[in-house]
């Protein structure tokens, strides 16, 4: 498990590209038959990924870093399949996971096992986990049953659909909020005009990008912005004080996960375009 520490915005102003990437960019989340985990001190977020091939992979705690007997002893988790068909077995109960299906698993579940139906076309499970204080039931949500919100327009190059999975009017959780956003073809911008939300942090995971495609992810305080070049299946840790927006060389899809003081999706502080620097 890799550990990332929190950074003060005054410090981040002085970071050069390499340091910015080391602090905020998660470059590798998928290694065949290995569980990849990044533990951030920002809201105690764990971001991870796994590609099970011939063998099933168990979600296991790092006893030294987590101080837990099993992964969900004090946590909850939201998982989205960004690959081919697979399955997740939760304390002996199997859940088939098609592309873009989401599975929420609550506090106290002791065994979570990831598997692919076909090793030649494996599932790719991306997940966010946060601390929990109450046990909510395991719930699977297929993308067609998620709560869609259509936003943007071709004129501003940001026509997109937001699919909410884990939120106050959907799957119940202690603090995790999770969903994904799909940009329509010929649209490149997300979350612009931008915002901050000092009451919770966020992790962005970009995927469905071509091999030669990139997203320029914007971060930093509104009057002191920076950018990170993000490639397919890479993630950004976005602290609460930072904007989180991006523009790609083509359309793309991204998963957003949030955690913090509240779960109200619309609780955000808008940033006027004239303020950005």
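In full-length UniProt numbering, the protein residues as written are 1 to 277. The beta carbon of each residue, even a glycine, is placed where N, CA and C say it ideally should be. Please read all numbers here as calculations on a predicted model, not as lab measurements.
Query	Result
Near the ligand HEM: residue 13 beta-carbon under 6 Å from a heavy atom	Of the ligands one can find in the structure shown there are none, so the ligand HEM has no counterpart to examine.
Where residue 274 falls: helix, strand or coil (DSSP)	helix
Own chain partners of residue 101 with C-beta closer than 6 Å, once the 5 adjacent residues on each side are dropped	81, 142
Residue environment, residue 140, which counts as buried when at least 16 other CB atoms sit within 10 Å	buried
C-beta contact flag for residue 166 and residue 178 at 7 Å	yes
Counted within 10 angstroms of its Cβ, other Cβ atoms place residue 28 as buried (16 or more) or exposed	exposed
Every unbroken beta strand (DSSP E) within the segment 74-132, with a cutoff of 3 residues, ordered by chain	75-81, 86-90, 93-97, 102-105, 112-116, 125-131
For residue 156, the three-state DSSP class (helix, strand or coil)	helix
Distance CB(residue 223)-CB(residue 9) smaller than 7 Å	no
Residue 83 versus residue 233 - alpha carbon distance	11 Å
According to DSSP, residues forming a beta bridge with residue 201	259
Residue 46 and residue 37 closer than 7 Å at C-beta	yes
Residue 158 beta carbon less than 7 Å from that of residue 186	no
Delimiting residues of the alpha helix (DSSP H) encompassing residue 63	63-66
Nearest-angstrom beta carbon gap, residue 106 and residue 76 [assumed within contact, 8 Å]	5 Å
Cβ-based neighbour list, residue 268, same chain, cut-off 6 Å, excluding 5 preceding and 5 following	195, 197
Alpha-carbon spacing of residue 134 relative to residue 73, whole angstroms	11 Å
Integer-rounded CB distance, given that residue 24 should sit under 8 Å from residue 243	12 Å between Cβ atoms; not a contact.
Contact the segment 143-163 vs the segment 105-123: 3+ CB pairs below 8 Å	no
Contact set for residue 241: own chain, Cβ-Cβ below 8 Å, skip 5 residues either direction	9, 196, 198, 221
Supposed contact pair residue 215 and residue 257 - C-beta distance, whole angstroms, cut 8 Å	So it is not a contact: roughly 17 Å between Cβ atoms.
Inter-residue Cα distance where the pair is residue 253 and residue 161	10 Å
Residue 17 - containing alpha helix (DSSP H), residue span	17-24
Length of the line joining the Cα atoms of residue 189 and residue 69	42 Å
First through last residue of the beta strand (DSSP E) which encompasses residue 221	215-221
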